[in-house]
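Have a look at the structure below, then the notes.
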Amino acid sequence: MKTDDKSRDGEVRCLNCFERFRPPAKSERTLCPSCGVEWRISWPFPGTAKIRGPVWEKYPGAKK
Amino acid sequence: MALKRKLAVINLSTGEIKVQEIPRELREKYLGGRGLDIYLLYNYLKPGVDPLGPENVCCISAGILGGTPASASARTHIMGKSPLTGYLGSTNMGGFFAPELRYAGFDHLVLLGASKKPVYLWINNGKIEIRDGSRLWGLDTFETQEAIRDELGDPEIKALAIGPAGEKLVRFANVVTGHKNAAGRTGMGALLGSKKVKAVAVRGTMGIDLAKPEEALKYDKEMCKRIAGTKFGQIMQRYGTAFIYGVTNSTGLVRVNNFQKNQLTESEAIECENMDEHSVGTSGCFGCQLHCRHRYVIKDDRWGGTFGEGPEYTSQGAFGAEVGCTDFAAILYGNHLVNKLGIDTLETGSLMGWAMELYERGIITKKDTGGLELKFGDADTMIKLVQQIANREGIGDILAEGYNGAMKRLPAEAAKYCIQVKGMSNLHSDERPTPALALNIATATRGSDHLRSRPAIDLYHLPEPVLRKIYNSPIPYDGPLSSSYTDYEGKPWQVVWHEMCYMAVDCLGVCKFHTVFLSPTMPAFDEFCEWLRLIPGIEMTPQKLWEVAERAYNLERLFNNREGATRQDDWLVDRYFDEPTPLGFDEVRGKTIDRKKLKAMIDEYYQFHGWDQKGRPKAETLKRLGIENEPSHAV
Numbered sequence: 006m007k008t009d010d011k012s013r014d015g016e017v018r019c020l021n022c023f024e025r026f027r028p029p030a031k032s033e034r035t036l037c038p039s040c041g042v043e044w045r046i047s048w049p050f051p052g053t054a055k056i057r058g059p060v061w062e063k064y065p066g067a068k069k
Numbered sequence: 065m066a067l068k069r070k071l072a073v074i075n076l077s078t079g080e081i082k083v084q085e086i087p088r089e090l091r092e093k094y095l096g097g098r099g100l101d102i103y104l105l106y107n108y109l110k111p112g113v114d115p116l117g118p119e120n121v122c123c124i125s126a127g128i129l130g131g132t133p134a135s136a137s138a139r140t141h142i143m144g145k146s147p148l149t150g151y152l153g154s155t156n157m158g159g160f161f162a163p164e165l166r167y168a169g170f171d172h173l174v175l176l177g178a179s180k181k182p183v184y185l186w187i188n189n190g191k192i193e194i195r196d197g198s199r200l201w202g203l204d205t206f207e208t209q210e211a212i213r214d215e216l217g218d219p220e221i222k223a224l225a226i227g228p229a230g231e232k233l234v235r236f237a238n239v240v241t242g243h244k245n246a247a248g249r250t251g252m253g254a255l256l257g258s259k260k261v262k263a264v265a266v267r268g269t270m271g272i273d274l275a276k277p278e279e280a281l282k283y284d285k286e287m288c289k290r291i292a293g294t295k296f297g298q299i300m301q302r303y304g305t306a307f308i309y310g311v312t313n314s315t316g317l318v319r320v321n322n323f324q325k326n327q328l329t330e331s332e333a334i335e336c337e338n339m340d341e342h343s344v345g346t347s348g349c350f351g352c353q354l355h356c357r358h359r360y361v362i363k364d365d366r367w368g369g370t371f372g373e374g375p376e377y378t379s380q381g382a383f384g385a386e387v388g389c390t391d392f393a394a395i396l397y398g399n400h401l402v403n404k405l406g407i408d409t410l411e412t413g414s415l416m417g418w419a420m421e422l423y424e425r426g427i428i429t430k431k432d433t434g435g436l437e438l439k440f441g442d443a444d445t446m447i448k449l450v451q452q453i454a455n456r457e458g459i460g461d462i463l464a465e466g467y468n469g470a471m472k473r474l475p476a477e478a479a480k481y482c483i484q485v486k487g488m489s490n491l492h493s494d495e496r497p498t499p500a501l502a503l504n505i506a507t508a509t510r511g512s513d514h515l516r517s518r519p520a521i522d523l524y525h526l527p528e529p530v531l532r533k534i535y536n537s538p539i540p541y542d543g544p545l546s547s548s549y550t551d552y553e554g555k556p557w558q559v560v561w562h563e564m565c566y567m568a569v570d571c572l573g574v575c576k577f578h579t580v581f582l583s584p585t586m587p588a589f590d591e592f593c594e595w596l597r598l599i600p601g602i603e604m605t606p607q608k609l610w611e612v613a614e615r616a617y618n619l620e621r622l623f624n625n626r627e628g629a630t631r632q633d634d635w636l637v638d639r640y641f642d643e644p645t646p647l648g649f650d651e652v653r654g655k656t657i658d659r660k661k662l663k664a665m666i667d668e669y670y671q672f673h674g675w676d677q678k679g680r681p682k683a684e685t686l687k688r689l690g691i692e693n694e695p696s697h698a699v
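These protein sequence lines map, in sequence, to chains A and B.
If you read the first sequence in my numbering, its first letter stands for residue 6, the second for the next number, and so on.
If you read the second sequence in my numbering, its first letter stands for residue 65, the second for the next number, and so on.
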């Protein structure tokens, strides 16, 4: 199993459809190109993206 | 050699201390840590005793790799009969205590009887002393550790301590070392409190010889690079386990307002990124390259200047989701308080959420709470409740009894709303959409628990070939495996596999974050065996290591059966089956656990273990594992 794969640096994995994608550098919000869910993004390290959470008002089937 | 560490049996009633070698045969059968502890507990404890009486037994140990170059070999394990559940009490923490215990010459301590007055144990380079602890009684866990260092004049002393909650026999009192490392679950702090043991202090300079030192260091370097190089490792170094919240809450797998919702919407304020405002850096346990815990100073008008460490994901749930609170400073303060006062963060959060729902439903009223309005989301009330529980004041005195004890004093209808298994509350996870995780909490030996068998990577949607590679070793498995966390098929084997993996690391004394818990690429049985070959010099195949884990797991099962546990204890509360999840992605919304399917999963799980349909290990299973004659009293 690969443990040193650098080709995925900067990618995140959509928590809804599980597709991997690369948010624009330093972006704070991004859409999953596969399922269209909008995510808030944080950057724990330069070049390392992390899904912070959904954009709640656009959450699929959102209800409070 | 790494194996030349001893067992000390300390009788607190008589003051007698017996130091013994640990026979090689026992080492090979149970290794150390949790594995050897269950052997000792099963042998020393008489069935049916009062968990808070002097007949209970407390085992404290290091793993067989503790304090060596093996990655994160820091864990201390504590075991006894649980004052919370009446079944297996078992808990585990990081920090620096276990390595120091080994440097002081010991791997396992067995505490028998009870002292009449407060004491603490002082263990220093092969010597053990029972010292007067009267001056420490009443101090919190932080003060206790400092007072011992002052009294003995050595700032390098490592100590584990109970707080006021342990003294007051709160049934989920924890044991703390440092500011954050807590052996939290099943009330081992109450067990020590019942024995009047305020603390155990250790200091040692006895070296541990490694079987193959050069190879061990080289291998450790490889492991460090591998573990720290994963994306999981990198994120852990940055945020600690608090990063998990972003994943689980986004999906809809978090228990909110006790069990009424499965997602805390618009909870940006408690996401891990908020740590940046309060953090003053990170630190780690002995031998760990991840340094996953933040050291923080709260920046806030109410609790400003308070120092703490963490919070773990568990505290985010305990003081956040479960009680509907999005006040991050309150989470940090709550986290600080439970460590200082000595109560389990998970149990505390769950019971507070339960009490708030009971109050909301009118099952308890202001009359029961001493005037406190137990409203979800109210940070001040939450902090007040933490203090009341730890000090057994007001409604806190009822909650301090845990689910089983509280139900003796609450209306019968309250039982329906408590999320627990075997009397122990759950992590703030909502398992209704995830059958594998539901099976895990239903069957874990110490009660509803995420650290003893949770296939957490089931949430990652891993491709089947990857799952096959993990779960087909070291024991061949050609049954079904599914990438979907909502499936029921194939999950029993995953739960069994993780039970064995986690038991193995608990015998080694290695942190679970350094195995296949939250990352599929972390070390497992093959790597553990290499460590065993290089460090204590035990040649063991991965299959043999699995057998060690299986042996210890079956003894835990026998222990619970001996204390009266039956198949009925491997079950969930009705809400899992009757109340669908209201929120989350399509995949998780509207989900319940199917009773028939859970029953079938449990049947299959028992079959994998070689247990009968009542959940009792079969005679041939015990014989295969060489435990048909337990208790054998070999030490």
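Cβ coordinates follow ideal geometry from the N, Cα and C atoms, glycine included.
Any heavy atom of the ligand NAP within a distance shorter than 8 Å of the CB on residue i?
{"i": "residue 642/B", "result": "Among the ligands in the structure shown, none appear at all, so the ligand NAP cannot be discussed."}
What residues of chain A sit near residue i, judged by a beta carbon separation below 8 Å?
{"i": "residue 189/B", "result": "Near residue 189/B there are no residues of chain A at all, since even the closest Cβ is about 40 Å away, more than 8 Å."}
{"i": "residue 313/B", "result": "58"}
{"i": "residue 298/B", "result": "49, 50 and 53"}
Quick check on this structure: which residue in the options has the alpha carbon closest to the alpha carbon of residue i?
{"i": "residue 590/B", "options": "419/B, 539/B and 237/B", "result": "539/B"}
{"i": "residue 581/B", "options": "564/B, 224/B and 187/B", "result": "564/B"}
{"i": "residue 219/B", "options": "266/B, 198/B and 193/B", "result": "266/B"}
{"i": "residue 165/B", "options": "146/B, 535/B and 224/B", "result": "224/B"}
{"i": "residue 496/B", "options": "520/B, 541/B, 550/B and 484/B", "result": "550/B"}
{"i": "residue 347/B", "options": "329/B, 159/B, 270/B and 460/B", "result": "159/B"}
{"i": "residue 660/B", "options": "279/B, 636/B and 680/B", "result": "636/B"}
{"i": "residue 111/B", "options": "627/B, 664/B, 645/B and 679/B", "result": "627/B"}
{"i": "residue 378/B", "options": "79/B, 402/B and 555/B", "result": "402/B"}
{"i": "residue 697/B", "options": "85/B, 107/B, 474/B and 283/B", "result": "107/B"}
{"i": "residue 463/B", "options": "249/B, 689/B, 416/B and 427/B", "result": "416/B"}
Using the C-alpha atoms, what's the distance from residue j back to residue i?
{"i": "residue 613/B", "j": "residue 486/B", "result": "22 Å"}
{"i": "residue 408/B", "j": "residue 642/B", "result": "29 Å"}
{"i": "residue 530/B", "j": "residue 510/B", "result": "30 Å"}
{"i": "residue 455/B", "j": "residue 239/B", "result": "16 Å"}
{"i": "residue 251/B", "j": "residue 83/B", "result": "27 Å"}
{"i": "residue 66/A", "j": "residue 650/B", "result": "8 Å"}
{"i": "residue 8/A", "j": "residue 288/B", "result": "Per-residue confidence for residue 8/A stands at a pLDDT of 46, beneath the threshold of 50, marking its modelled position as unreliable; the derived number appears in the next sentence. Taking the straight line from one Cα to the other gives about 12 Å."}
{"i": "residue 576/B", "j": "residue 560/B", "result": "16 Å"}
{"i": "residue 263/B", "j": "residue 392/B", "result": "32 Å"}
{"i": "residue 629/B", "j": "residue 150/B", "result": "9 Å"}
{"i": "residue 69/A", "j": "residue 389/B", "result": "Confidence is the limiting factor: at residue 69/A the pLDDT is only 46, short of 50, which leaves the residue's position unreliable and the question unanswerable from this model."}
{"i": "residue 599/B", "j": "residue 131/B", "result": "11 Å"}
{"i": "residue 606/B", "j": "residue 366/B", "result": "53 Å"}
{"i": "residue 438/B", "j": "residue 381/B", "result": "17 Å"}
{"i": "residue 684/B", "j": "residue 544/B", "result": "26 Å"}
{"i": "residue 695/B", "j": "residue 42/A", "result": "57 Å"}
{"i": "residue 62/A", "j": "residue 457/B", "result": "42 Å"}
{"i": "residue 50/A", "j": "residue 30/A", "result": "12 Å"}
{"i": "residue 482/B", "j": "residue 596/B", "result": "42 Å"}
If contacts are defined as beta-carbon pairs under 8 Å, then residue i and residue j qualify, I think. What distance do you get, rounded to the angstrom?
{"i": "residue 190/B", "j": "residue 217/B", "result": "So it is not a contact: roughly 19 Å between Cβ atoms."}
{"i": "residue 406/B", "j": "residue 205/B", "result": "5 Å"}
{"i": "residue 343/B", "j": "residue 358/B", "result": "4 Å"}
{"i": "residue 573/B", "j": "residue 139/B", "result": "5 Å"}
{"i": "residue 338/B", "j": "residue 385/B", "result": "In fact, because the Cβ distance is near 14 Å, the residues do not count as touching under 8 Å."}
{"i": "residue 28/A", "j": "residue 54/A", "result": "5 Å"}
{"i": "residue 135/B", "j": "residue 351/B", "result": "6 Å"}
{"i": "residue 185/B", "j": "residue 74/B", "result": "7 Å"}
{"i": "residue 601/B", "j": "residue 93/B", "result": "About 16 Å separates the two Cβ atoms, so there is no contact after all."}
List the residues of chain B whose Cβ lies closer than 7 Å to the Cβ of residue i, in chain order.
{"i": "residue 47/A", "result": "337"}
{"i": "residue 65/A", "result": "649 and 650"}
{"i": "residue 20/A", "result": "311, 314 and 315"}
Going along chain A, which residues have a C-beta under 7 Å from residue i?
{"i": "residue 525/B", "result": "23"}
{"i": "residue 330/B", "result": "61"}
- Task: Please name the residues in the region 648-663 of chain B whose beta-carbon is closer than 9 Å to at least one beta-carbon of chain A, in chain order.
- Result: 648, 649, 650, 651 and 653
- Interface positions of the region 300-325 of chain B facing chain A (Cβ-Cβ less than 8 Å), listed along the chain: 302, 303, 307, 310, 311, 313, 314 and 315
- Message: Beta carbons nearer than 7 Å to chain A: which residues of the region 449-461 of chain B have them?
- Response: none
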